[in-house]
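**Student:** Below are the structure tokens for one structure; questions will follow.
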Amino acid sequence: MYYIRGGKLPKTSIFRKISKIADLNVEIWKLNKIISRNSSNIEALKELGAIYHYIHEDRIAIRIYEKILQIDPKDSDVRAYLGYLYYEIGNMQKSVEELNSSLDLNPKNSFGYFLLGNSYSRLGLVKEAVRSYDMALLLGLDVYRAHMDFASKFEDMNRKHRALLEYKSAYEVGPKSRNLMLKIRELELNAMPTKIRI
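Residue 59 in our numbering sits at position 45 of the sequence shown, with consecutive numbering throughout.
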């Protein structure tokens, strides 16, 4: 779980909550003030890192999550999230390293294996990717739900093209619902850059 003041939220719902914050600059300022009084406030650091990821500042988010690991090196969720952030910036080696460290701490994290499979796949290590995906499935990961959660997260972050890709992946592996097909069509119309005619 990632935390935001007021309690635990599912991993992707934090971005829905962040999307409702009126002024993210003010929120960043408030969190920095809290952290300046107590640099070990993990909850505030996690929220700040999530906001930076939300605004596409993944390198800053990475520095924040690395600081959290200095405070609590055994937090497997933070290590997994850090692995995901490295994946987002294209550093697959660091992504694999952090995800493997996370899985050493929590070997039953099916979603961690799913993310590890994605990183191995991007590195072209097919055998390792398949092994990771198999472990995720063996541990009960619902791949359809994972893609739907990512799609929802990307929509909340106004990354329509990324949401579209995740919805299409969900459609390929899950039930072929009419609502999902309509959602894909809606995003195809709205997510594509418009051409200016002269």
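Glycine residues also receive a C-beta, built at the ideal position from the N, C-alpha and C atoms.
Which residue comes first and which comes last in the alpha helix (DSSP H) that contains N39?
**Tutor:** In the sequence shown, counting from the first residue as 1, residue 39 sits at position 25. Taken as a continuous stretch (DSSP letters only), the alpha helix (DSSP H) holding N39 covers 38-51.
**Student:** For E169, which of M106, S90, L201, G188 has the nearest alpha-carbon?
**Tutor:** Indexing the sequence shown from 1 puts residue 169 at position 155. Out of M106, S90, L201, G188, L201 has the C-alpha closest to the C-alpha of E169.
**Student:** For Y68, which residues from the same chain have a beta carbon less than 7 Å from its beta carbon, with the 5 sequence-adjacent residues on both sides left out?
**Tutor:** What you label residue 68 is simply residue 54 of the sequence shown in a count that begins at 1. Its chain contains F29, I32, M171 as the residues whose beta carbon lies nearer than 7 Å to that of Y68, once the 5 sequence neighbours on both sides are disregarded; these appear in chain order.
**Student:** Kindly give me the distance between the Cβ atoms of L45 and A75, rounded to whole angstroms, as I take these residues to be in contact under 8 Å.
**Tutor:** Reading the sequence shown from its first residue, position 31 is the one you call residue 45. Reading the sequence shown from its first residue, position 61 is the one you call residue 75. Separation of the CB atoms of L45 and A75 is rounded to 13 Å, and the pair is thereby denied contact status at 8 Å.
**Student:** Measure from the alpha carbon of D91 to the alpha carbon of each residue in G104, K141, N120, then state which is nearest.
**Tutor:** Along the sequence shown, read from residue 1 onward, the residue named residue 91 stands at position 77. With distances taken between Cα atoms, D91 lies closest to N120.
**Student:** Buried or exposed, going by whether 16 or more other CB atoms sit within 10 Å of the CB of M195?
**Tutor:** As a first step, residue 195 must be located in the sequence shown, where it is residue number 181. Burial call: exposed.
**Student:** In chain order, which continuous runs of the alpha helix (DSSP H) of length 4 or greater are located wholly inside the region 154-201?
**Tutor:** 157-170, 174-187
**Student:** Kindly list the residues whose CB is nearer than 8 Å to the CB of G21, restricted to its own chain and excluding five residues on each side of it in sequence; keep chain order.
**Tutor:** Translated into the one-based positions of the sequence shown, residue 21 becomes position 7. Confidence is the limiting factor: at G21 the pLDDT is only 33, short of 50, which leaves the residue's position unreliable, though a coordinate-based value still follows. The same chain holds no residue with a CB closer than 8 Å to that of G21 once the five nearest residues on each side in sequence are set aside.
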